[in-house]
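**Q** Attaching a single structure in structure tokens format; questions to follow.
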Amino acid sequence: MLVKYFLSLQVLFIFAITAQGFEATYSKTANSWKSFILLGDAGVKNNTTQLLKQSLAVNNFKEIISLGDNLYKPFQSYEYVWNDWKQEGFQFPLVAIGNHHSSYDAEVSYFKLPGEYYAKEFNGALFVVLNSDNKLNADIQVRWLDQVLSNAKQKMIFLIYHHPSVTLNSYHAWEDRLRFQTGVRSLIKKHAPKITALLNGHEHSTAIYLLDNVPMVLSGASFEQFKPVLPISADPLFQVSLGWGAKEGFWWSKLDFNSETNEVWIHYLRFDRQPFETCTIRISPKPISRGRNCQ
């Protein structure tokens, strides 16, 4: 039953999407499409994350963007948590470092990263990964990011880092990483027309927000879910709005993009119970559009 459902869902995602206010299908330039699974805060081996792995494997969704917090318990090593994922064919081409880890060097080594922060291009889209946890090199990262964004010619640019750049609840505040966020927030404002989306974890939430007009995708409900809310106080820099948020349950999300047609879709799926809940959101072209399946 699980396998049949996920297989039918994959067909739905790829070939036809009915969304609130419009009827849409993916463009016919199939070779230009690229997909990644977005996972944040999944760095623990337990029954829920094993179910998460199963739900992805049954669909053959194997390329993962990790949004940080890749190791919660030091006695559960990277090898213990992630080796069985690798053995089942999962790949981690893009990994952000969060505040739960063994060390920066250990995480870079295990996932074979170019460094703590880096940029990679896939199918004409630029993915820029930052280490929002490192307070010592925050200024260096901000200067590097400004240079990357200023020089980038790609039509799509995704910024990937662990800590969201606005305060969303009483557990975490953007000021917790003050030097990093002060710089990055100013660059989001400066380069907003170039930025396709921010991809974040940390909040253990499944949601999509707008920072002014820049989408911020949260995918951190891998084994724990905080109810998404609007910021607990007005943000001094951004007008923040909640596009959609899951109230409960455990979720993964799938990013589909086509840089030739400027199309970007986010597909959320709750994997911890049947019937499965889904939400489909188109974030490009703008304005973002939420599907009828988003409750």
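The opening position of the sequence shown corresponds to residue 10 in my numbering, with each subsequent residue numbered one higher.
Yeah, the Cβ is synthetic: ideal placement off N, Cα and C, and Gly gets one too.
The structure presented is a predicted model; accordingly, all values stated were derived computationally and were not measured.
#1: Tell whether a beta-carbon distance below 8 Å holds between residue 53 and residue 81.
#2: Could you tell me how far apart the beta carbons of residue 122 and residue 137 are, in whole angstroms, since I believe they sit closer than 8 Å?
#3: Roughly how many whole angstroms lie between the Cα atoms of residue 75 and residue 115?
#4: To the nearest angstrom, report how far apart residue 146 and residue 171 are at their CA atoms.
#5: What distance in whole Å lies between the Cβ atoms of residue 212 and residue 235, which are believed to be in contact at a cut-off of 8 Å?
#6: Can you name the residues that DSSP bridges to residue 217?
#7: Going straight from the alpha carbon of residue 193 to that of residue 151, what length do you get?
#8: Under the rule that 16 or more other beta-carbon atoms within 10 Å means buried, what is residue 148, buried or exposed?
#9: Taking C-beta to C-beta, are residue 252 and residue 277 nearer than 8 Å?
#10: If you pair each beta-carbon of the stretch 59-72 with each one of the stretch 158-171, do three or more pairs fall below 8 Å?
#11: Could you tell me how far apart the beta carbons of residue 285 and residue 61 are, in whole angstroms, since I believe they sit closer than 8 Å?
#12: What does DSSP give as the partner residues of residue 166 in its beta bridges?
#13: Reducing DSSP to helix, strand and coil, say where residue 154 ends up.
**A** On the basis of the coordinates in this document:
#1: yes
#2: Not confirmed; about 13 Å, so no contact.
#3: 15 Å
#4: 15 Å
#5: 6 Å
#6: 226, 253
#7: 6 Å
#8: exposed
#9: no
#10: no
#11: In fact, because the Cβ distance is near 13 Å, the residues do not count as touching under 8 Å.
#12: 135
#13: helix
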